[in-house]
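Residue numbers (this note's numbering): 280 to 464. Virtual Cβ for every residue (Gly too), placed ideally from N, Cα, C. Here the structure comes first, spelled out in structure tokens, and everything after it is commentary.
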Ligand code: HEM
Ligand code: HEM
């Protein structure tokens, strides 16, 4: 049988991709956040989607440490497999660090953080705590540059397997693959 990710791992992967698309669109269209920027709806939505991403990533990491990744495809050289794993680990790290820095910075700026106004999140940083101003800049830089660069590398890698090597690496993350018929053989 061909090795593939579990349907839970696939669902969590694609849910995070969808949430990140919304989150970047919000980040790029919300007003630039400065000293006395009022908390508009777009900024509030950016906080809520960010907290939702953080929650889903924690669930995904718990799933991941309790479920190994599928065996690598035979045709993939070990160095490529190790590089892909490194990119995956860095993506997981950023998916945790970026929203936590955003949360710290929102609290530092004295914004309340809620999950779609349903739950009030705890305040994890004192307002204007001296020495913590950099958290906002680092949050934006890591999201806009490090995360997008790594995602770019990751997607180029997936397309290289699909279009050039023509192996099954991309399919391992696609819903419904390998399908009942092909898994019987
Ligand atoms: C994976 C989740 C997140 C991503 C990808 C993300 C992305 C971004 C990006 C790209 C910017 C810069 C916008 C620009 O270009 O000017 C930004 C700014 C900001 N985000 Fe997020 N964000 C995330 C989660 C959060 C969360 C959870 C919060 C708060 C609860 C938050 C609060 C902020 C704040 C306060 C700023 C302004 C920072 C500053 O310029 O000083 N973000 N975010
Ligand atoms: C269209 C965009 C994307 C495609 C085509 C794609 C494709 C894939 C594929 C094929 C795998 C399995 C790789 C393997 O078997 O070695 C994978 C795994 C992974 N992807 Fe993506 N991906 C996309 C976007 C993203 C984004 C935006 C993120 C997060 C920022 C992400 C994070 C991950 C992680 C962390 C894994 C490792 C899963 C694990 O083993 O725990 N992907 N992706």
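message: Within a Cβ cutoff of 7 Å, which residues of the same chain sit near residue 402, ignoring the five residues on either side of it in sequence?
response: Walking along the chain shown from the start, residue 402 turns up at place 123. Contacts found: 386.
Residue 450 versus residue 343 - alpha carbon distance: Here residue 450 refers to the residue found at position 171 of the chain shown. Here residue 343 refers to the residue found at position 64 of the chain shown. So the two alpha carbons sit approximately 19 Å from each other.
message: I'd like to confirm something about residue 320: is its beta-carbon nearer than 7 Å to some heavy atom of ligand 1, or not?
response: The residue you call residue 320 lines up with position 41 of the chain shown. No, ligand 1 has no heavy atom inside 7 Å of this Cβ.
- request: Let me know the secondary structure DSSP gives residue 399 once reduced to three states.
  value: The sequence position of residue 399 within the chain shown is 120, counting from 1. The answer is strand: DSSP assigns residue 399 an E or B state.
query: Is residue 297 near ligand 1, in the sense that its beta carbon is under 7 Å from a heavy atom of that ligand?
result: Along the chain shown, read from residue 1 onward, the residue named residue 297 stands at position 18. False, no ligand heavy atom lies under 7 Å from that Cβ.
message: For ligand 1, is there any heavy atom lying closer than 7 Å to the beta carbon of residue 330?
response: Residue mapping note: residue 330 aligns to position 51 of the chain shown, counting from 1. Because some heavy atom of ligand 1 lies under 7 Å away, the Cβ of residue 330 counts as near it: yes.
Three-state class that DSSP yields for residue 319 in the structure shown: Residue mapping note: residue 319 aligns to position 40 of the chain shown, counting from 1. Here DSSP, grouped into helix, strand and coil, assigns residue 319 to coil.
message: Using only CA atoms, which one of 336, 341 and 327 lies nearest to residue 400?
response: Within the chain shown, residue 400 is the residue found at index 121, counting from 1. It is 327.
query: Cβ of residue 388 versus every heavy atom of ligand 1: is any distance shorter than 7 Å?
result: Here residue 388 corresponds to residue number 109 of the chain shown, with the count starting at 1. Because some heavy atom of ligand 1 lies under 7 Å away, the Cβ of residue 388 counts as near it: yes.
field: Given residue 416 as reference, the closest of 305, 297, 428 and 311 once Cα atoms are compared
entry: Locating residue 416 in the chain shown gives position 137, where the first residue counts as 1. When 305, 297, 428 and 311 are compared, the shortest CA-CA separation from residue 416 is found for 311.
- request: Grab me the residues of residue 437's own chain with a C-beta within less than 8 Å of its C-beta, minus the 5 sequence neighbours each way, in chain order.
  value: Position 158 of the chain shown, counting from 1, holds the residue named residue 437. Contacts found: 448, 449 and 452.
- prompt: What's the C-alpha gap between residue 351 and residue 433?
  reply: For the purposes of this step, residue 351 is taken as the residue at position 72 of the chain shown. For the purposes of this step, residue 433 is taken as the residue at position 154 of the chain shown. So the two alpha carbons sit approximately 16 Å from each other.
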